[in-house]
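In my numbering, the protein residues as written are 11 to 394.
For glycine and all other residues, C-beta sits at the position ideal for the given N, C-alpha and C.
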């Protein structure tokens with residue numbers, strides 16, 4: 011493929027070779043949601059704590075979702091299980107959301123999202139509805155941040171998702187922010203190294219720390235901010251590093267510098283992931299002509315049912331979403347009418363998105379977001 015570049019506003023260009031498989035999300039992390047026979051309660055809500063009344067607002071949001079789930083038929087034991095973990099995580103700055111799933115009185119999974127959902131959502135369905143969580147994780151990449159000056163450096167590695175064994179909660183991407191990670195606490199779930207030596211003597215060592223961090227999380231990009239002289243010394247030792255190194259405003263001098271670097275990283279990361287999604291769409295259009303992609307809902311449903319989907323492509327806009335039928339015993343099977351399933355008895359009836367995601371997860375397919383709003387498509391493992 012031809013190398014392309016994406017501009018970070020006001021700074022530099024990221025030159026890279028498109029790698030569409032980096033932007034093809036592995037959906038295996040959703041498998042625990044399907045271990046219950048259903049029905050499953052799913053809730054997604056904004057848990058951002060950036061105002062004095064944030065705790066009360068989060069409590070009210072959860073209460074509204076709980077009441078909605080109860081109206082849909084969710085049992086009290088399942089709702090109590092969700093309430094025991096709902097409400098986000100105190101001490102994490104910046105925007106965040108939360109996705110909670112439960113069935114049969116037990117929590118199946120709880121995830122802290124890097125960004126809040128567009129709107130709070132709850133469902134009580136035969137299958138879980140993890141679409142907001144999938145979109146959030148799909149807009150993330152593993153990356154490394156180095157905040158440097160001539161006295162030292164802080165190196166932080168961010169995986170796409172980090173589990174916390176103590177709470178069985180997953181944290182998506184940047185939901186743990188630089189100024190919160192520094193100095194311990196939640197940093198235990200991230201790679202962190204602190205160097206306090208004279209830079210002229212130790213830039214090579216810090217570069218090794220950066221390279222090790224890149225290997226630890228499989229970073230797609232390295233962001234560097236801080237003192238210009240220190241950055242120059244560091245970059246001289248990073249020429250052989252595989253992911254691009256991008257210089258950004260901000261640094262480690264004080265809280266304001268760290269905050270500026272976090273904001274710069276967030277904006278730059280959005281630019282990189284947007285470019286990656288463009289690569290996915292370009293690859294999809296190339297594969298249409300080769301017969302290894304379908305660009306409509308009926309073709310996608312047939313391919314999911316047959317186990318031929320390599321990557322499911324869905325747009326974020328679910329307005330006017332139809333309902334489909336799925337099989338409880340053959341999870342890949344989908345149809346617009348129950349009679350078209352291998353066995354119509356006990357057919358699952360639910361909105362299209364959660365049923366298609368179930369088929370993709372249990373059919374070992376990946377996922378990529380379709381840009382531009384609505385849409386349903388897929389790339390295939392082999393030609394029609």
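Check	Outcome
Could you pull the start and end residues of the beta strand (DSSP E) that residue 40 belongs to?	Element bounds for residue 40: n/a, residue is neither H nor E.
When the Cα of residue 395 is compared with those of 324, 38, 320, which residue comes out closest?	Lying outside 11 to 394, the shown extent of the chain, residue 395 is not represented and no answer is given.
Taking 8 Å as the threshold, find out whether the stretch 67–82 comes into contact with the stretch 125–139 through three or more Cβ pairs.	yes
Using three-state DSSP, classify residue 64 as helix, strand or coil.	helix
For residue 389, list the residues DSSP reports as bridge partners.	303, 321
Where do the ends of the alpha helix (DSSP H) carrying residue 129 lie?	Counting along the chain, residue 129 falls outside any alpha helix (DSSP H), and DSSP gives it neither H nor E.
Whole-angstrom Cβ separation of residue 108 and residue 122, contact assumed at under 8 Å?	6 Å
Between which residues of its own chain and residue 91 is the CB-CB distance below 6 Å, once the five residues before and five after are set aside?	112, 115, 116, 117
Just the Cα atoms here: how many angstroms apart are residue 352 and residue 311?	14 Å
Determine the DSSP secondary structure at residue 370, reduced to helix, strand or coil.	helix
Decide if residue 347 is buried, meaning its Cβ has at least 16 other Cβ atoms within 10 Å, or exposed.	exposed
Taking just the CA atoms, how far does residue 330 sit from residue 71?	24 Å
Which of helix, strand or coil does DSSP assign to residue 339?	coil
If I follow the unbroken beta strand (DSSP E) through residue 112, where does it start and stop?	107–113
Would DSSP call residue 353 helix, strand or coil?	coil
On the premise that residue 97 lies in contact with residue 4, defined as a C-beta separation below 8 Å, what is that separation, rounded to the nearest angstrom?	Nothing can be reported for residue 4: it is not among the residues displayed for the chain, which extend from 11 to 394.
Which of helix, strand or coil does DSSP assign to residue 118?	strand
My assumption, with CB atoms under 8 Å, is that residue 319 sits in contact with residue 365. Please give the rounded CB distance.	Rounded, the Cβ-Cβ distance is 13 Å, inconsistent with contact.
Can you list the alpha helix (DSSP H) stretches of 4 or more residues lying completely in the stretch 78–108, in chain order?	86–93
So, is residue 106 buried or exposed, given that buried needs 16 or more other C-beta atoms within 10 angstroms?	buried
Could you give the C-beta distance for residue 170 and residue 156, rounded to a whole number, given that I count them as a contact under 8 Å?	Actually they are not in contact, since the Cβ atoms of residue 170 and residue 156 sit about 19 Å apart, beyond 8 Å.
What span of residues does the beta strand (DSSP E) with residue 255 cover, start to end?	255–257
Please look up how many angstroms separate the CB atoms of residue 234 and residue 224, rounded, as I've assumed it's under 8 Å.	Contact flag wrong, Cβ pair sits at about 12 Å.
What's the call for residue 42, buried or exposed, on a 16-neighbour Cβ count within 10 Å?	exposed
First and last residue of the beta strand (DSSP E) that includes residue 235?	231–236
Have a look at residue 236 and residue 337 and give me their C-alpha separation to the nearest angstrom.	55 Å
Tell me where the beta strand (DSSP E) around residue 158 begins and ends.	153–158
Within 10 Å of its beta-carbon, does residue 349 have 16 or more other beta-carbons around it, so buried, or fewer, so exposed?	exposed
CB-CB under 6 Å to residue 340, same chain, minus the five flanking residues each way: which ones, in chain order?	352
Let me make sure I understand the geometry here. Which of 287, 159, 326, 260 has the alpha-carbon closest to that of residue 244?	159
Within 8 Å, do at least three Cβ pairs link the stretch 288–304 to the stretch 260–279?	no
Between which residues of its own chain and residue 6 is the CB-CB distance below 7 Å, once the five residues before and five after are set aside?	The chain is shown from 11 up to 394; residue 6 falls before or after that span and cannot be answered.
With DSSP run on the structure shown, which of helix, strand or coil describes residue 136?	coil
On the DSSP bridge list, what partners appear for residue 50?	135
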